[in-house]
Amino acid sequence: MYSKRRIILALTFLLVLTIPFAADGIPRTIWGEIQGLNCAMKGHKCPSDRMDVHLATEPDFVLVESGSIYHLLPNLPRDVKVRYVGETVIVTGDLHPKDNSILVDKFEAQRGMFRGIVWTKEMQQQAYR
0 MYSKRRIILA LTFLLVLTIP FAADGIPRTI WGEIQGLNCA MKGHKCPSDR MDVHLATEPD
60 FVLVESGSIY HLLPNLPRDV KVRYVGETVI VTGDLHPKDN SILVDKFEAQ RGMFRGIVWT
120 KEMQQQAYR
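Residue 0 is where the sequence shown starts when you use numbering that gives the first Met the number 0, and the numbers rise one by one after that.
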């Protein structure tokens, strides 16, 4: 009886320890706009258009949702992000709140009424084969 109680207690303890790791990457779909990282950090909306010289000086681009909340997209290629600066996009992936990033599984663009898949992990893997 005593050993059964110890086993249950040990399993409960292990379960409690693994909960933070399981909750680290939360699958989410987020709508937002692609903006320059420096501008998002300062709370500005820039570049003003896709021909702005500022695009060349931005170190990276982020997904900005509801005003000032921004998310890094570390596994999405920079050239994909640049093409959709200032546009509404839909990003599906694992949200990591600690470092404010999303590991992207699917990247979609919204242009008017039309919505289409631009990039997925599978498309990237097929391109490298």
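C-beta atoms are modelled at their ideal positions from N, C-alpha and C, and glycine is treated no differently.
Bridge pairing for E32: V63 and T87 [DSSP]. Put simply, the segment 71-88 touches the segment 31-50. At least three CB pairs are less than 8 angstroms apart.
H43 carries a coil assignment under DSSP once its states are collapsed to helix, strand and coil. Boundaries of the beta strand (DSSP E) harbouring K105: S100 to R110, taken from the DSSP string.
If you draw a straight line from the Cα of V79 to the Cα of V117, it comes to about 8 angstroms. Taken through DSSP and simplified to helix, strand or coil, D93 comes out as strand.
Excluding residues up to 5 positions away in sequence, D93, L94, H95 and L102 lie with their Cβ nearer than 8 angstroms to the Cβ of G24 in the same chain. Nearest C-alpha to C38 among R27, S65 and V61: V61. Rounded to whole angstroms, the separation of the alpha carbons of K44 and A55 is 16 angstroms.
With contacts defined as CB atoms closer than 8 angstroms, L36 and D51 fail to qualify as a contacting pair.
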